[in-house]
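In our numbering, the protein residues as written are 13 to 145.
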């Protein structure tokens, strides 16, 4: 019996288990779990941006770190890079359809972090005080 591409994709999904050491989905966790990747995805949620615009939006991101993050996201099919020939050359970064599926997840994580940082900082302070005794 011949399977459709969709059936093959569903069959392949069953084989992935992030709890298994050799599972490639762990690489996705590593990429998306990186603070810069999450911030880049959130920054691109509203539409395409240039490298310089992203650096302004994401305070503290070095040019090198931002470039590495964008390349990783592009390699994983989450971001596209569009070069427009001009003087100087214009390069825009934009989320792909797959990248857009991450926006609600990462936006929720960003919102949760901003809403709960006070409690987290207090918990850290309490923990550190216990550890020094």
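All C-beta atoms, glycine included, are put in the ideal place defined by N, C-alpha and C.
Sort out for me which residues DSSP pairs residue 105 with in a bridge.
-> Residue mapping note: residue 105 aligns to position 93 of the chain shown, counting from 1. 61 and 93, per the DSSP bridge assignment.
7 Å Cβ shell around residue 101 - same chain, five flanking residues per side excluded = Position 89 of the chain shown, counted from the first residue, corresponds to residue 101. Hits under 7 Å: 95.
Would you mind giving the Cβ-Cβ distance between residue 57 and residue 115, rounded to the nearest angstrom? I have them listed as a contact below 8 Å.
-> Within the chain shown, numbered from 1, the residue matching residue 57 stands at position 45. Within the chain shown, numbered from 1, the residue matching residue 115 stands at position 103. Right, their Cβ atoms sit about 5 Å apart.
Whether residue 66 touches residue 55 by CB criterion (8 Å) = Within the chain shown, the letter at position 54 stands for residue 66. Within the chain shown, the letter at position 43 stands for residue 55. Yes, the Cβ-Cβ distance between residue 66 and residue 55 is below 8 Å.
In three-state DSSP terms, what is residue 81?
-> Counted from its first residue, the chain shown places residue 81 at position 69. In this structure, residue 81 counts as helix in the three-state DSSP scheme.
Nearest CA to the CA of residue 78: which residue from 40, 14, 52 and 27?
-> As a position in the chain shown, residue 78 is number 66, starting the count at 1. Cα-wise, what sits closest to residue 78 is 52.
Where does residue 41 sit, in a helix, a strand or coil, going by DSSP?
-> Residue numbering aside, residue 41 sits at position 29 when the chain shown is read from its first letter. Here residue 41 sits in helix by DSSP.
Which listed residue (110, 59 and 143) has its alpha carbon closest to that of residue 104 = Numbered from 1 along the chain shown, position 92 holds the residue referred to as residue 104. Closest option to residue 104, Cα to Cα, is 59.
Determine the DSSP secondary structure at residue 123, reduced to helix, strand or coil.
-> For the purposes of this step, residue 123 is taken as residue 111 along the chain shown, with counting starting at 1. Of the three classes helix, strand and coil, the one that applies to residue 123 here is helix, per DSSP.
Can you give the Cα-Cα distance for residue 19 and residue 30, rounded to whole angstroms?
-> Against the chain shown, residue 19 aligns to sequence position 7. Against the chain shown, residue 30 aligns to sequence position 18. Cα to Cα, residue 19 sits roughly 21 Å from residue 30.
Residue 73 burial status per 10 Å Cβ neighbour count (16 or more: buried) = Looking up residue 73 in the chain shown gives position 61. Buried: at least 16 other Cβ atoms inside 10 Å.
Looking at residue 43 and residue 108, is the spacing between their C-beta atoms short of 8 Å?
-> By 1-based counting over the chain shown, the position of residue 108 is 96. By 1-based counting over the chain shown, the position of residue 43 is 31. It is not a contact, given that the beta carbons lie outside the stated cut-off.
Rounded to the nearest angstrom, how far is the Cβ of residue 82 from that of residue 68, given a contact under 8 Å?
-> Locating residue 82 in the chain shown gives position 70, where the first residue counts as 1. Locating residue 68 in the chain shown gives position 56, where the first residue counts as 1. The pair is not a contact, with the Cβ atoms about 15 Å apart (cut-off 8 Å).
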